[in-house]
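Please read the structure below before turning to the comments.
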Ligand code: FE2
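Structure below.
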């Protein structure tokens, strides 16, 4: 983004650290205290890097931290409290900017940590900035918020937080196969209770989906949802782990799949906050978020990535595009996609 000069095309909004009460709008006191205790032990352990690497420390947290998900893929890191406050604060700054009319679309690619639960870190997510941001919107009087999750993984933390209410309609497009994290997100999960039933939408997909099928299905579902639900604001999560070449090895998308979805969202002409998410091929992730930013800013980027400090990381192409070069087959037959589309649209008509 910087090398393309995109930052000069945007209004830069200062972020802030979320306060403890803002973090606790979603997370439990016990969870936040465990994060703080972990930080204290970490600094005692004397390492400033990944605390899980420190043997003494690992013994210390194995009992208290694991209960709150602070192990394995969410191993404690140093300055965890600062990390979660700044991530949540970035999303709150974006949400505030859009809610107050400072801008129509706000971006926080560092946000989008959709797996964290009230009491538990999960799937590399130590904080759920998305839920905290949406709660801020509800406290400001918004009553129809639509959350759309394009990450390879089911947006389970956000869905669970709002599954009981009609004030937030969550839609998640994700890979849903046996044994694939987090395991939730089937067609049948549609929210719960008198007010929530029907207000969680899941679009489970199989391996290898390509740009055309992906964006056609997403846009069909989103447009129908917006026709029926009439949202006041959109929160979009654009995880980059759906791209070809991502180590998660799920979908076969180039930049154009998510980009077509974003172009469709922009046509809805609603206030919007766009967040990041997964993305484990780092240069492709940077390519996607820079490209999506250029679409929001209305700027056409040259294909050749400009020379900059990290230029060599973009070998061998040194270009913006992610080529459709995968040999993995698309396991989503036309019949499968059609049946999912019909089932989801039928549910949406009941809203
Ligand atoms: Fe993901």
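In the numbering used here, the protein residues as written are 677 to 1027.
Where a beta carbon is used, it is the ideal one built from N, C-alpha and C, also for glycine.
Of the residues the options, the one placed nearest residue i, counting alpha carbons only
{"i": "residue 908", "options": "823, 921, 885 and 711", "result": "823"}
{"i": "residue 1071", "options": "833, 950 and 879", "result": "Given that the chain is displayed from residue 677 to residue 1027, the structure contains no residue 1071 and the question cannot be resolved."}
{"i": "residue 993", "options": "776, 959 and 880", "result": "959"}
{"i": "residue 938", "options": "827, 847, 925 and 914", "result": "914"}
{"i": "residue 821", "options": "910, 793, 786 and 892", "result": "910"}
{"i": "residue 679", "options": "987, 1018 and 1007", "result": "987"}
{"i": "residue 955", "options": "982, 947 and 931", "result": "931"}
{"i": "residue 626", "options": "778, 867, 928 and 787", "result": "For the chain, the structure presents residues 677 to 1027; residue 626 sits outside this window and is missing."}
{"i": "residue 1027", "options": "703, 957, 984 and 903", "result": "903"}
{"i": "residue 751", "options": "785, 714 and 787", "result": "714"}
{"i": "residue 767", "options": "863, 778, 779 and 807", "result": "807"}
{"i": "residue 742", "options": "796, 756, 779 and 786", "result": "796"}
{"i": "residue 874", "options": "755, 941 and 843", "result": "843"}
{"i": "residue 815", "options": "747, 744 and 698", "result": "698"}
{"i": "residue 693", "options": "817, 756 and 871", "result": "756"}
{"i": "residue 866", "options": "1021, 695 and 979", "result": "1021"}
{"i": "residue 881", "options": "863, 695, 783 and 871", "result": "863"}
{"i": "residue 892", "options": "991, 1001, 979 and 940", "result": "940"}
{"i": "residue 912", "options": "1010, 746 and 946", "result": "946"}
Span separating the alpha-carbon of residue i from that of residue j
{"i": "residue 691", "j": "residue 771", "result": "11 Å"}
{"i": "residue 776", "j": "residue 944", "result": "19 Å"}
{"i": "residue 718", "j": "residue 836", "result": "31 Å"}
{"i": "residue 1004", "j": "residue 884", "result": "6 Å"}
{"i": "residue 765", "j": "residue 787", "result": "9 Å"}
{"i": "residue 677", "j": "residue 921", "result": "21 Å"}
{"i": "residue 896", "j": "residue 716", "result": "49 Å"}
{"i": "residue 817", "j": "residue 683", "result": "32 Å"}
{"i": "residue 898", "j": "residue 720", "result": "49 Å"}
{"i": "residue 991", "j": "residue 918", "result": "20 Å"}
Buried or exposed (CB count within 10 angstroms, at least 16 for buried), residue i
{"i": "residue 798", "result": "buried"}
{"i": "residue 966", "result": "buried"}
{"i": "residue 735", "result": "With a pLDDT of 43 at residue 735, under the threshold of 50, the modelled position of this residue cannot be trusted, and the question is left open."}
{"i": "residue 681", "result": "exposed"}
{"i": "residue 923", "result": "exposed"}
{"i": "residue 878", "result": "buried"}
{"i": "residue 963", "result": "buried"}
{"i": "residue 894", "result": "buried"}
Contact under 7 Å by Cβ, residue i with residue j
{"i": "residue 869", "j": "residue 840", "result": "yes"}
{"i": "residue 972", "j": "residue 685", "result": "no"}
{"i": "residue 900", "j": "residue 977", "result": "no"}
{"i": "residue 936", "j": "residue 1013", "result": "no"}
{"i": "residue 861", "j": "residue 850", "result": "yes"}
{"i": "residue 856", "j": "residue 846", "result": "no"}
{"i": "residue 961", "j": "residue 916", "result": "yes"}
{"i": "residue 933", "j": "residue 983", "result": "no"}
{"i": "residue 701", "j": "residue 811", "result": "yes"}
{"i": "residue 689", "j": "residue 773", "result": "yes"}
{"i": "residue 834", "j": "residue 948", "result": "no"}
heavy atom of the ligand SAH below 6 Å from residue i C-beta
{"i": "residue 950", "result": "No copy of the ligand SAH occurs in the structure displayed; its ligands are the ligand FE2 alone."}
(message) Taking contact to mean 3 or more Cβ pairs, one atom from each stretch, closer than 8 Å, check whether the region 794-814 and the region 753-762 are in contact.
(response) The answer is yes - the region 753-762 touches the region 794-814, with three or more Cβ pairs under 8 Å.
(request) Evaluate the contact criterion for the region 707-719 versus the region 994-1012: three or more CB pairs, one atom per stretch, below 8 Å. (result) Between the region 707-719 and the region 994-1012, the count of Cβ pairs shorter than 8 Å is below three; the stretches do not touch.
(request) Pair every Cβ in the region 828-836 with every Cβ in the region 777-792, then say whether three or more of these pairs are closer than 8 Å. (result) With a cut-off of 8 Å, the region 777-792 and the region 828-836 count as touching, because enough Cβ pairs lie within range.
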